[in-house]
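Trainee: Protein chains in written order, with this note's numbering: chain B, 1 to 773; chain H, 774 to 1011.
Heads up, the beta-carbon is just placed ideally off N, CA and C, and yes, glycines get one too.
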Amino acid sequence: MKGQVFAITLVVTSGVATFIMFISTMHSLDFTRNKFYREYNFADVFVNLKRAPESLKDKIKNINGVNQLETRVSANAKLDIKGYSESVTGKIVSVPDDGNPLVNRLYIRKGRLPDPAKDDEVVINETFAQAHRLNIGDQFAAVINGKWKKLTITGVALSPEFVLLLKPGAMSPDFKRYGVLWMSRKAISKAYDMEGAFNDVVMTLYPYARLSDVTRDMDNILGQYGGYGAYGRKDQISHRLLSQEFQQLRISSRIFPTIFVCVAAFLLNVVMSRTINTQREQIGTLKAFGYNNISVAAHYAKLVIMIVSTGIFAGITLGIWFGRMLGDLYMETYRFPDFIYTLHPGVIIAAVFISIGSALAGTMHSLWMAARQTPADAMRPEAPAQYRVSIIEKTKINRWLTQPSRIIIRNIQRRYIRTFLSVIGIAAACATMISSGFFKDSIDYIVHVQFVLSHKEDMTISFIEPTSYRAIYELKETQGIHDAESFRVVPVRVRFGHRSYKTVIYGMEPDSRLNLLLDRNLKTVTLPQSGILLTDYLCEFLGIKVGDMLTIETLEGSKAIRQVPVTAVTKQYLALFGYMNIHALNRLMDEGDAISGAYLVTDDKYRDKLFRSFVEMPRVGEIVVRNNEIRNFYDVMAKGMLFFTFVATLMACSIALGVVYNSARISLSERSRELSSLRVLGYTRGEIAYILLGELGFVTLVAIPLGFLMGYWICAYVAQAVSNDLYRVPIIIELSTYAQAAAVVLFSALISGLIVRRKLDHLDLVEVLKTRE
Amino acid sequence: MNDSKEHFFQVQDLTKVYQMGEVEVHALRGVNMELYAGELVVLLGPSGSGKSTLLNIMGGLDTATNGFVAYRGQDITKANEKELTEYRRFHVGFVFQFYNLISSLTARENVAVVTEIAKNPISPEKALDIVGLTDRLDHFPAQLSGGEQQRVAIARAISKNPSVLLCDEPTGALDSQTGIVVLKALERINRELGTATAIITHNVDIAGMADRVIHLSNGKIAEVTVNKVKKSASELQW
């Protein structure tokens, strides 16, 4: 039983380890986050605006429910880091001249806050500092309000506002190309001509406050000052992505341990039934000596608990280790002062109860059968197994069947529940592998659709302010630019019925060549002359369909409110946008031929030169190089995916090994007599191995396609559960992922097969003839 | 007496020592014997006398410590695993005390297990007819009595047309009446097919149906007696 116990322990260990890993990481992140939010006074409400006088602060403070409030000046700037040739942008946020802000306080990792008396001092965020190996006293340049300025680093800090730092509109964090700079209020106000004014407000609320009331009051006050609409924590990007991550952890902590618990219960059931069967005589003897049912059942229950306990212990140890590893992995992307690993005793208790409970539940039937036998029954050999001619043999296939094949078929038929559960168990291993490969596949697909099929540009530049269409002619004339196409971006709130959503509308050139909108089948959707085209998920979210009238409140410029018909739908996996003909959008804005930026196709040779020239152009706010974007995206995802693939492969192997090995061992134990008899009759080792391993092969081969299906279901569930307005996960599973899953299962089955085959080769032919079954 | 007949088996100075924990068990201590074509031999002896060990070595199931066993002039004690498998597959028929049938196969299929891999088999139906089980062809072992199961085992053993039939306590698990039915089947096969047959038993009464009786005791051949008048199996009783 050694090998079998080991196999079961492996499965229990994996189950408990994944459970502990996911739950403890989730709890730890939750605890760490809450502590950081609490101690550093993370805001409840956020709002950006064009410009408002500082005197307005008191009015905002008087809004019912507002607790602490901080007015700030924030702006975007292009940065120039020595020795780094790519586009770097930063968000500059003011800190009060009298010290750390009240709301969104900074955790100073090292150094100090900028001196208000000096206008060139900044504190930078930690990921940015690490990515560029920047230290206190180091200098770098920034284009602030069109002016080149050298800045000196006085500190490295973390903020609850930027636990996850994501550049607006980016797919993934980019620590090298995006940073946060904290500058004294005095310095930044001067640089941006914002003295006595602010363009950013953050505040905390009293517990009794109603968020919707506060944001409404805020919008009323700030409307005339160019307010972009106040929003709560749940729409704050860092907080949202962190919550999304928690949601994914929660889903994972449900799916994977459940699979393991079921597999372990099944394995225990099989092994215990067999053990009890082989120990019938001992049970009978014990009962004859006067042991009662409870003590017999308790004896086997103890055995089950012992087996499971080893797994639980190993699982907890491994789970803590994995949990810390996963926590560290998160800490590379999500920044807290300290990652505080917490493992609630409740989690351990839950793991113990779930494992032991399900193990006992799985073995209940065998335990009951063991306890129930009368001593005489127990001491009598088990009645011979009843067999029937199988259904397959009633078909024409029958004539092709050899006797060994017949033995396989009839055994499968007789033990159909066990066979079925074995199939399910192995399929679960296959499904686990698929669900780990699925993330890579769907991300590849998103990148392919987003960056290869839709976007044909090499570079995108955005202007600080809407600019005249003439800029496009200038760009087209520039050496090294093959093609340029304009776009306009307008922040809006779209509304349909009682639902609304804050997003942007892209105005695009009528026959866009560089940014193609695609439908579900990846066919190009033509942009209508008038009307708006929406991302499919936005349509679902708003409950709107083609032909309905959408209300658009522009949050910039004229602040016009207009009704526009929805004319088409586009399938997109990232964010939710609206798309309009650029001219129609400009008409809607009551603007002339304004553009916000341009998509460019450039010559490889001139790309660096162009890039440098854009960096130096004051009106260019941002430059995105498509290849850098893709590379960064993969850099960020790679580590996480590697870890998950590693864990999933480990789990899949342990399930596959556990199930196949146990099935093989049980079959061997049940059939060793028959197999030995066949050896005596002159069957070769290979021929009897066929009978035993043929059944396993059959079970494995049936399990693999079922595993594909189960894997698909899990992926579909996960995709549906994690999809939101920030991203939708397409259910894309590549052939190679299926192949890999099948390979892992086959490999595990093969290893188990070989181990059992070795045992088969050492059957004692003489021993088996002496005994009656 | 059988000098003119073909030697099927020639056993010389056969010894077998088992290691049982720290104790050495001498199961055979220099056995010499022959088995001739067409004869029916009973190996008689109490438990532990070494008769099963002798049969197992002759059947290629066990190895000898010393001495040799020649089957048709070939020393099988020197044969490797593959040769022994082939030897069992094509030349020897076994019958065991506990039948050792495959419970998932019917009587016919249990015999077919052997005929499928034999070189010159008789059909399963015919083999089962010889043991008088024509009407039980499609019954599973669980549906057959002990005697019937043993007769299926005999049919299985003879279906490959073996030169020799080795039977280890074929009636050991049966009552006398059923045992006699089984012995009648063995007797008929020996007579009609001319298959050399060695029957191991501790039952003295069975010795009456043999051509020769080899008495084993304490790992040695104590005595070899020749039945001048063979009893028919139906005359036996115990």
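Looking at Ile733(B): is its Cβ nearer than 8 Å to the Cβ of Asp444(B)?
Mentor: Contact: no.
Trainee: Which of the residues in the stretch 406 to 430 of chain B, read from start to end, lie with their CB under 8 Å from any CB of chain H?
Mentor: Hits within the stretch, in order: Arg406, Ile407, Arg410, Asn411 and Arg414.
Trainee: Which bits of chain H does Ala385(B) rub up against, with CB to CB less than 8 Å?
Mentor: Neighbours of Ala385(B) on chain H, chain order: Ser876, Ser877 and Ala915.
Trainee: What residues in the stretch 844 to 862 of chain H have a beta carbon less than 7 Å from any beta carbon of chain B?
Mentor: The residues in question are Thr858, Arg861 and Arg862.
Trainee: Which residues in chain B sit within 8 Å of Glu882(H), going by Cβ to Cβ distance?
Mentor: The answer, in chain order, is Gln403 and Arg406.
Trainee: Compare the C-beta of Val1021(H) against all C-beta atoms of chain B and say whether one is closer than 8 Å.
Mentor: This structure gives no information on residue 1021(H), because the portion of chain H shown stretches from 774 to 1011.
Trainee: If you draw a straight line from the C-alpha of Ala52(B) to the C-alpha of Ser94(B), how long is it?
Mentor: Approximately 15 Å between the Cα atoms of the pair.
Trainee: Can you tell which of Met982(H), Tyr872(H) and Leu938(H) has the C-alpha that lies nearest to the C-alpha of Arg862(H)?
Mentor: Of Met982(H), Tyr872(H) and Leu938(H), the residue nearest in Cα terms is Leu938(H).
Trainee: Beta-carbon of Tyr690(B) versus every beta-carbon of chain H: anything under 8 Å?
Mentor: Output row for Tyr690(B): interface = no.
Trainee: Under three-state DSSP, which class holds His299(B)?
Mentor: Residue state, collapsed to three classes: helix.
Trainee: How long is the line joining the alpha carbons of Lys430(B) and Phe439(B), rounded to whole angstroms?
Mentor: Position check: residue 430(B) holds Cys in this sequence, whereas Lys was assumed. Cα to Cα, the separation comes out at about 15 Å.
Trainee: Look at Val793(B) and Leu692(B) and say whether their C-beta atoms are less than 8 Å apart.
Mentor: This structure leaves residue 793(B) out entirely; chain B is present only between 1 and 773.
Trainee: Between the stretch 243 to 256 of chain B and the stretch 168 to 188 of chain B, are three or more C-beta pairs nearer than 8 Å?
Mentor: No, they do not touch.
Trainee: Run through DSSP, which three-state label would Lys2(B) get?
Mentor: DSSP places Lys2(B) in helix when its eight states are reduced to three.
Trainee: For Asp441(B), report the span of its beta strand (DSSP E) as first-last.
Mentor: Premise fails: Asp441(B) lies in the alpha helix (DSSP H), Tyr416 to Val447, not in any beta strand (DSSP E).
Trainee: Give the residues from the stretch 938 to 954 of chain H that approach chain B closer than 9 Å (Cβ to any Cβ), ordered along the chain.
Mentor: So the close ones are Asp941 and Ala946.
Trainee: Using a beta-carbon distance below 8 Å, is Asn829(H) in contact with chain B?
Mentor: For Asn829(H), the answer is yes, since a Cβ of chain B falls inside 8 Å of its Cβ.
Trainee: Under DSSP, the beta strand (DSSP E) around Glu465(B) begins and ends at which residues?
Mentor: Segment Met459 to Ser468, the beta strand (DSSP E) holding Glu465(B).
Trainee: Any idea what DSSP makes of Gln139(B), helix, strand or coil?
Mentor: DSSP places Gln139(B) in strand when its eight states are reduced to three.
Trainee: Starting from Glu807(H), trace the beta strand (DSSP E) both ways and give me its first and last residue.
Mentor: Residues Val796 to Tyr809.
Trainee: Say whether chain H places a C-beta atom closer than 8 Å to the C-beta of Val699(B).
Mentor: Cβ-Cβ to chain H under 8 Å: no for Val699(B).
Trainee: Hey, is Phe781(H)'s beta-carbon within less than 8 Å of any beta-carbon in chain B?
Mentor: So, not an interface residue.
Trainee: Compare the C-alpha of Phe42(B) against each of Trp148(B), Arg216(B) and Arg233(B) and name the closest.
Mentor: Ranking Trp148(B), Arg216(B) and Arg233(B) by Cα distance to Phe42(B) puts Arg233(B) first.
Trainee: What does DSSP give as the partner residue(s) for Cys940(H) in the beta ladder?
Mentor: Cys940(H) pairs with Val868(H) and Ile972(H).
Trainee: Does the Cβ-Cβ distance between Ile582(B) and Val564(B) come in under 8 Å?
Mentor: Taking 8 Å as the Cβ cut-off, Ile582(B) and Val564(B) do not qualify as a contacting pair.
Trainee: List, in order along the chain, the chain B residues whose C-beta lies closer than 8 Å to that of Asp908(H)?
Mentor: The premise fails here: Asp908(H) is roughly 18 Å from chain B at the closest Cβ pair, so nothing lies under 8 Å.
Trainee: For Gly319(B), which three-state DSSP category applies?
Mentor: Residue state, collapsed to three classes: helix.
Trainee: Kindly indicate if chain B contains any beta-carbon less than 8 Å away from that of Asn873(H).
Mentor: Asn873(H) counts as touching chain B.
Trainee: Closest Cβ-Cβ distance between Glu393(B) and chain H: below 8 Å?
Mentor: No, Glu393(B) lies away from the interface with chain H (no Cβ there is under 8 Å from its Cβ).
Trainee: Rounded C-beta distance between Val886(H) and Leu681(B)? I'm assuming under 8 Å.
Mentor: The pair is a contact, with the Cβ atoms about 7 Å apart (cut-off 8 Å).
Trainee: Got a sec? Which residues, its chain only, sit under 6 Å from Leu1070(H) by beta carbon, not counting five neighbours each side?
Mentor: Here chain H has residues from 774 to 1011 only, and residue 1070(H) is not among them.
Trainee: Under three-state DSSP, which class holds Asp511(B)?
Mentor: Asp511(B): coil per DSSP, three-state reduction.
Trainee: Does His132(B) pass the burial test, meaning 16 or more other C-beta atoms within 10 Å, or should it be called exposed?
Mentor: Flag for His132(B) reads buried.
Trainee: Starting from the Cα of Lys498(B), find the closest Cα among Ile544(B), Glu457(B) and Val492(B) and give me that residue.
Mentor: Here the sequence assigns His to residue 498(B), which means Lys is not the residue at that position. Comparing Cα-Cα distances from His498(B) to each of Ile544(B), Glu457(B) and Val492(B), the minimum goes to Ile544(B).
Trainee: On the DSSP letters alone, give me the boundaries of the alpha helix (DSSP H) that Gly919(H) sits inside.
Mentor: Its alpha helix (DSSP H) spans residues Gly919 to Ile931.
Trainee: Alpha carbon to alpha carbon, how far is Tyr809(H) from Asn775(H)? Give it in angstroms, no decimals.
Mentor: Residue confidence for Asn775(H) is low, a pLDDT of 44 falling below 50, so the modelled location carries little weight and cannot support an answer.
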